[in-house]
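> Residue numbers (the working numbering): 36 to 273.
Before we start, here is the structure in question, set down as structure tokens.
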Ligand SMILES: C[S@@+](CC[C@H](N)C(=O)[O-])C[C@H]1O[C@@H](n2cnc3c(N)ncnc32)[C@H](O)[C@@H]1O
């Protein structure tokens with residue numbers, strides 16, 4: 036189980052950042068995710084790495100029939116917002132399982148770069164989704180995770196996938212780098228057809244209002260992908 040978000044020093048730094056107005060979530064990630072989401076009325080949804088439940092609550096409020104929101108962190112879940120159609124579960128994305136063909140929409144905001152075996156996660160998601168179901172996720176952009184030695188806006192070691200260690204509020208934060216090509220290949224290998232790929236960056240108006248965002252025009256901080264489970268072919272051939 037990833038204990039990072041239960042480390043008091045990390046959590047304090049993360050929460051301060053989220054409340055400071057300087058995080059990328061509010062100006063970039065949340066609008067990009069909202070723009071990519073399909074209609075959710077009546078949908079059965081799973082949110083992977085839900086944190087304090089911001090996205091899960093938005094989906095429940097938008098009319099999703101049932102939202103299962105999963106996170107590894109006891110502290111994040113303890114602060115999560117309740118909703119009558121929303122169930123929170125503490126679990127590790129590395130071995131989470133959900134009944135096959137029981138989900139219309141899987142979402143994940145800024146969590147899958149913490150998962151070591153992305154291909155295995157995609158294989159499980161593909162089993163959970165009904166035919167025609169959708170996966171929409173954001174993650175730290177591969178140009179950010181690439182360097183083995185962390186450096187801001189220098190892309191390095193891009194082809195060497197795997198574990199990366201960063202200092203982010205605390206030392207020893209572990210993330211996993213993979214190339215865009217291999218992310219898309221995993222999705223296609225498991226029958227999820229990419230329909231949208233976005234690299235949200237701030238507009239010049241956003242930068243003028245908040246100059247701290249300027250760096251995110253130099254290299255994209257977020258990758259967003261939406262992919263659909265292939266419909267099963269029905270009927271006789273010939
Ligand atoms: C950057 S936060 C994003 C939280 C939320 N999705 C949001 O956008 O506000 C990443 C979340 O992923 C969770 N997480 C990281 N690795 C995980 C794992 N292996 N299993 C379950 N949750 C995990 C963390 O506990 C944390 O709450």
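We put the beta carbon where it would ideally sit given N, CA and C, even for glycine.
Give every residue of the same chain whose Cβ lies closer than 6 angstroms to the Cβ of residue 94, excluding the five residues on either side of it in the sequence, and list them in chain order.
Residue 94 sits at position 59 when you count from the first residue of the chain shown. 75, 80, 102.
> Using the Cα positions of residue 208 and residue 114, report the straight-line distance between them to the nearest angstrom.
Here residue 208 refers to the residue found at position 173 when the chain shown is read from its first residue. Here residue 114 refers to the residue found at position 79 when the chain shown is read from its first residue. Approximately 22 angstroms, taken between the alpha carbons.
> Using CA coordinates, which residue listed in 65, 106, 170 is at the minimum distance from residue 223?
To locate residue 223, count along the chain shown from 1; it is residue 188. When only C-alpha atoms are compared, the closest one is 170.
> Thinking residue 205 and residue 45 are a contact (beta carbons under 8 angstroms), I'd like their distance in whole angstroms, please.
Along the chain shown, one-based indexing puts residue 205 at 170. Along the chain shown, one-based indexing puts residue 45 at 10. Rounded, the Cβ-Cβ distance is 5 angstroms, consistent with contact.
> On the criterion of 16 or more Cβ atoms from any shown chain inside 10 Å, does residue 190 qualify as buried, or is it exposed?
Looking up residue 190 in the chain shown gives position 155. When all chains shown are included, residue 190 counts as exposed.
> Does residue 130 come within less than 8 angstroms of chain B when only Cβ atoms are used?
Absent from the structure: chain B. Only one protein chain is present.
> Run the CB neighbour count on residue 195, radius 10 Å, all protein chains shown included, and call it buried at 16 or more, exposed below.
As a first step, residue 195 must be located in the chain shown, where it is residue number 160. Exposed is the call here.
> To the nearest angstrom, how far is it from the Cα of residue 39 to the Cα of residue 174?
Taking the first residue of the chain shown as 1, we reach residue 39 at position 4. Taking the first residue of the chain shown as 1, we reach residue 174 at position 139. C-alpha separation (whole angstroms): 17 angstroms.
> Taking the alpha-carbon of residue 164 as reference, which of 179, 198, 133 has the nearest alpha-carbon?
Locating residue 164 in the chain shown gives position 129, counting from the first residue. With distances taken between Cα atoms, residue 164 lies closest to 133.
> Restricting to runs no shorter than 4 residues, where is the alpha helix (DSSP H) found entirely within the region 206 to 237?
Counting whole runs of 4 or more residues, the region 206 to 237 contains the alpha helix (DSSP H) stretches 215 to 224.
> With three or more C-beta pairs closer than 8 angstroms as the rule, is the region 241 to 261 touching the region 54 to 63?
At 8 angstroms Cβ cutoff, the stretches touch.
> With a threshold of 7 angstroms on Cβ separation, who are the neighbours of residue 106 within its own chain once the five nearest residues in sequence on each side are excluded?
One-based indexing of the chain shown puts residue 106 at position 71. Same-chain partners within the cutoff: 84, 85, 86, 112, 125.
> Can you grab the Cα-Cα spacing for the pair residue 117 / residue 90, in whole Å?
Here residue 117 corresponds to residue number 82 of the chain shown, with the count starting at 1. Here residue 90 corresponds to residue number 55 of the chain shown, with the count starting at 1. Roughly 12 angstroms separates the two Cα atoms.
> Do residue 97 and residue 77 have their C-beta atoms within less than 8 angstroms of each other?
Indexing the chain shown from 1 puts residue 97 at position 62. Indexing the chain shown from 1 puts residue 77 at position 42. No; because the gap between Cβ atoms is not below 8 angstroms, this pair is not in contact.
> Out of curiosity, what's the CA-to-CA distance linking residue 193 and residue 70?
As a first step, residue 193 must be located in the chain shown, where it is residue number 158. As a first step, residue 70 must be located in the chain shown, where it is residue number 35. The alpha-carbon atoms of residue 193 and residue 70 are separated by roughly 29 angstroms.
> Would you call residue 127 buried or exposed, if buried means 16 or more other Cβ atoms sit within 10 Å of its Cβ?
Residue numbering aside, residue 127 sits at position 92 when the chain shown is read from its first letter. When all chains shown are included, residue 127 counts as exposed.
> Under 8 angstroms, do residue 199 and residue 177 count as touching if we go by C-beta distance?
Within the chain shown, residue 199 is the residue found at index 164, counting from 1. Within the chain shown, residue 177 is the residue found at index 142, counting from 1. For residue 199 and residue 177, no; Cβs fall outside 8 angstroms.
> Suppose only complete runs of 4+ residues qualify. What are the alpha helix (DSSP H) ranges in the region 96 to 179, listed by chain order?
Counting whole runs of 4 or more residues, the region 96 to 179 contains the alpha helix (DSSP H) stretches 109 to 113, 153 to 163.
> Taking residue 104 and residue 121 to be in contact with their CB atoms under 8 angstroms, please state how far apart those CB atoms are, rounded to whole angstroms.
Residue mapping note: residue 104 aligns to position 69 of the chain shown, counting from 1. Residue mapping note: residue 121 aligns to position 86 of the chain shown, counting from 1. Confirmed, about 6 angstroms.
> Residue 201 bridges to which residues according to DSSP?
For the purposes of this step, residue 201 is taken as the residue at position 166 of the chain shown. In the DSSP output, where bridge partners are listed per residue, residue 201 has 208.
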